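Student: Quick note, the numbering used here runs 47 ahead of the 1-based positions in the sequence shown. The beta-carbon is built from N, C-alpha and C at its ideal position, and this holds for glycine as well. Predicted model, so just to flag it, every value in this text is computed and none were measured. The structure follows.
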Amino acid sequence: MAVALNNRGIIMARNRLERFLGEKAWTDRSLAKYTTMRVGGPAAIFITAEDLTDLRLTLQTVKDYELPLLILGRGSNLLVSDTGFPGVVLRLGHEFKHVSVEGTEITTGAGVALGTIVQTASRHGLGGLAFAVGIPGTIGAAIAVNAGAHGSDLGAVTQKIVYYSRDLELRTATSAALGFSYRNCNLPPGAIIIEVRLGLEEAEADMVKHEMETNWKRRKRSQPLDMPSAGSVFKNPPDNQAAKLIDEAGLKGHAVGGAMVSQKHANFFVNTGEATGADFYTLISEVTARIKETFDVELELEIRLVGDWSYVQGH
Ligand SMILES: Cc1cc2nc3c(=O)[nH]c(=O)nc-3n(C[C@H](O)[C@H](O)[C@H](O)COP(=O)(O)OP(=O)(O)OC[C@H]3O[C@@H](n4cnc5c(N)ncnc54)[C@H](O)[C@@H]3O)c2cc1C
Numbered sequence: 048m049a050v051a052l053n054n055r056g057i058i059m060a061r062n063r064l065e066r067f068l069g070e071k072a073w074t075d076r077s078l079a080k081y082t083t084m085r086v087g088g089p090a091a092i093f094i095t096a097e098d099l100t101d102l103r104l105t106l107q108t109v110k111d112y113e114l115p116l117l118i119l120g121r122g123s124n125l126l127v128s129d130t131g132f133p134g135v136v137l138r139l140g141h142e143f144k145h146v147s148v149e150g151t152e153i154t155t156g157a158g159v160a161l162g163t164i165v166q167t168a169s170r171h172g173l174g175g176l177a178f179a180v181g182i183p184g185t186i187g188a189a190i191a192v193n194a195g196a197h198g199s200d201l202g203a204v205t206q207k208i209v210y211y212s213r214d215l216e217l218r219t220a221t222s223a224a225l226g227f228s229y230r231n232c233n234l235p236p237g238a239i240i241i242e243v244r245l246g247l248e249e250a251e252a253d254m255v256k257h258e259m260e261t262n263w264k265r266r267k268r269s270q271p272l273d274m275p276s277a278g279s280v281f282k283n284p285p286d287n288q289a290a291k292l293i294d295e296a297g298l299k300g301h302a303v304g305g306a307m308v309s310q311k312h313a314n315f316f317v318n319t320g321e322a323t324g325a326d327f328y329t330l331i332s333e334v335t336a337r338i339k340e341t342f343d344v345e346l347e348l349e350i351r352l353v354g355d356w357s358y359v360q361g362h
C-alpha cells in the first residue's frame, strides 16, 4: 500500500528537501527494513540528517507544511502500519554519532547505538550500564522510552540531554526535569534528543564484564533473538509480568497470519516470515482481550504504534 500522494504539503516538502538534501532525502521508502519486526509500509519522506543544518532544514520544513514527524532510531520498539507513515521520518546521521568519556561521564550523540556505549563503559571500567547489554537501538531512543532491564533503566544513569524543541530551539533538560518513570519520561512533545550525558560510576573492569556476560546469557536463554520482533510488546502490569499472564492464558504459539506469540518468551511477538503490520495489530488486540477476559488485567503497550490502523478489520 502506498502513502497517498495527493497531499500538497507532502509534495512541496519533498521538493524542498530533495533540492537541499539530495540523496539524504528519499520518497516512499519502505519502513519494513528499518524496523526489527520487519513490517511497515513506506514513509512519504525519509530523511537522514547528517548534521545540524540538515536537521534544522528538515524541522523547518515539517513546521512550514504542518507534516507529521517520526524520529526513527533502529526501529526496535515500533510497530509500523502497512499503510506507512504519511509524513517525514527522520534518522540521525554522522554528526550525531560521537562518543567521548571524561572521568565517569560519557557524552554521546543521540544516534549512537546503545550497545556501543555499553561497550565503551565496560572498556573504561565504568559501572551502571551493564543492565543494557543486548538492548538494541540508539541511546536517544533508549532515553525517550526509558529502556531498561534487570531492575535498572536509562533514567538511573542519565544526567542531562540536549534536544531540539518543536519550536526549533536547542534546549537542555536535566534528569530531574525528564521525570523518568517505568518505560517513560516527560520528554516535551516533538522534542528530538541530539546529545546525551550519562553519569556512571568507577567499577572493577572485570566485574562490569562479568555482569554484562551474565545479563547477555540470561537474554539469550529467555528471548527469541533469532526471529524478528520488537522485544516486549506489553509493559508489565503492577506487581505482575505480562509474559507470565500470556503464558498462563495458554497463548504461547498463538498466531495471526505471520505474527506469533513466541514459544520462548510470551511477551515477544515474532515475525515467522511473511507477517504484516495488520497481523501483529490483530494479534495484539486478541491477546489484550484474552488477558482482560481471563485475569481482568488491562495490558498496556510497551511498543509504539506508528501510522493509521483504521484499515485493520475489527479495529
Ligand atoms: C530483541 C529485543 C530485545 C529488547 N529488549 C529490551 C529491553 O530489555 N528493555 C527495553 O526497554 N527495551 C527492549 N527492547 C525494545 C527496544 O530495543 C528499546 O525500546 C530501544 O530503546 C528502542 O531504540 P530504537 O533506537 O530502536 O528506537 P525506535 O524504535 O526507533 O524508536 C522508539 C521511540 O523513540 C523515539 N525516538 C527515537 N530517537 C529519538 C530521539 N533522538 N529523540 C526523541 N525521540 C526519539 C521514536 O520516535 C519512538 O517513539 C528490545 C527490542 C528487541 C528487538
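Which residue marks the beginning of the beta strand (DSSP E) containing Q206, and which one marks its end?
Tutor: Here residue 206 refers to the residue found at position 159 when the sequence shown is read from its first residue. 205-211 is the extent of the beta strand (DSSP E) around Q206.
Student: In the region 267-314, which residue ranges form an unbroken alpha helix (DSSP H) of at least 4 residues, counting only runs that do not cross its ends?
Tutor: Segments of the alpha helix (DSSP H) lying fully in the region 267-314: 289-295.
Student: Taking 8 Å as the limit between beta carbons, can you name the residues of its chain near M259, skipping five residues before and five after?
Tutor: Mapped onto the sequence shown, residue 259 falls at position 212. Closer than 8 Å at Cβ, skipping near neighbours: V165, S169, A177, V180.
Student: If you follow the beta strand (DSSP E) that V353 is in, where does it begin and where does it stop?
Tutor: Here residue 353 is taken as the residue at index 306 of the sequence shown, counted from 1. First-last of the beta strand (DSSP E) with V353: 351-353.
Student: Between F132 and R218, what straight-line distance do the alpha-carbon atoms span, to the nearest angstrom?
Tutor: Here residue 132 corresponds to residue number 85 of the sequence shown, with the count starting at 1. Here residue 218 corresponds to residue number 171 of the sequence shown, with the count starting at 1. Rounded to whole angstroms, F132 to R218 spans 27 Å at the Cα level.
Student: Assuming the contact rule is C-beta atoms closer than 8 Å, A79 and G87 should be a hit. Round their C-beta distance to whole Å, please.
Tutor: For the purposes of this step, residue 79 is identified with residue 32 of the sequence shown, where counting begins at 1. For the purposes of this step, residue 87 is identified with residue 40 of the sequence shown, where counting begins at 1. Confirmed, about 5 Å.
Student: Does the distance from the C-beta atom of K110 to that of I94 stay below 8 Å?
Tutor: The sequence position of residue 110 within the sequence shown is 63, counting from 1. The sequence position of residue 94 within the sequence shown is 47, counting from 1. Cβ distance not < 8 Å, so K110 and I94 don't count as in contact.
Student: Taking 6 Å as the limit between beta carbons, can you name the residues of its chain near L352, skipping five residues before and five after?
Tutor: Taking the first residue of the sequence shown as position 1, residue 352 is located at position 305. L126, listed in sequence order.
Student: Helix or strand or just coil, what does DSSP make of L245?
Tutor: The residue given as residue 245 occupies position 198 in the sequence shown. Looking at L245 - three-state DSSP - the assignment turns out to be strand.
Student: Identify every residue that forms a DSSP beta bridge with W73.
Tutor: As a position in the sequence shown, residue 73 is number 26, starting the count at 1. According to DSSP, W73 bridges with F93.
Student: Using only the alpha-carbon positions, how far apart do T83 and G120 sit?
Tutor: For the purposes of this step, residue 83 is identified with residue 36 of the sequence shown, where counting begins at 1. For the purposes of this step, residue 120 is identified with residue 73 of the sequence shown, where counting begins at 1. One C-alpha to the other measures close to 11 Å.
Student: For the structure I just gave you, are there three or more beta carbon pairs, one from the region 209-218 and one from the region 276-286, closer than 8 Å?
Tutor: Verdict: no, contact absent.
Student: Classify N314: buried if its beta carbon has 16 or more other beta carbons within 10 angstroms, exposed otherwise.
Tutor: By 1-based counting over the sequence shown, the position of residue 314 is 267. So N314 counts as buried.
Student: Please state whether DSSP places L117 in a helix, a strand or coil.
Tutor: On the sequence shown, position 70 is the one that residue 117 refers to. In this structure, L117 counts as strand in the three-state DSSP scheme.
Student: Could you work out which residue in H171, E113, I92 is closest to E251 when comparing CA atoms only?
Tutor: Within the sequence shown, numbered from 1, the residue matching residue 251 stands at position 204. Closest by alpha carbon: H171.
Student: How many Å lie between A296 and K339 at the Cα?
Tutor: On the sequence shown, residue 296 is found 249 positions in, with the first residue counted as 1. On the sequence shown, residue 339 is found 292 positions in, with the first residue counted as 1. Going from the Cα of A296 to the Cα of K339 covers about 10 Å.
Student: Could you tell me the alpha carbon to alpha carbon distance between A91 and E248, rounded to whole angstroms?
Tutor: Reading the sequence shown from its first residue, position 44 is the one you call residue 91. Reading the sequence shown from its first residue, position 201 is the one you call residue 248. Going by the C-alpha atoms only, they are around 44 Å apart.
Student: Would you check if the distance between the CB atom of L114 and the CB atom of G56 is smaller than 8 Å?
Tutor: To locate residue 114, count along the sequence shown from 1; it is residue 67. To locate residue 56, count along the sequence shown from 1; it is residue 9. In this structure, G56 lies closer than 8 Å to L114 by Cβ.
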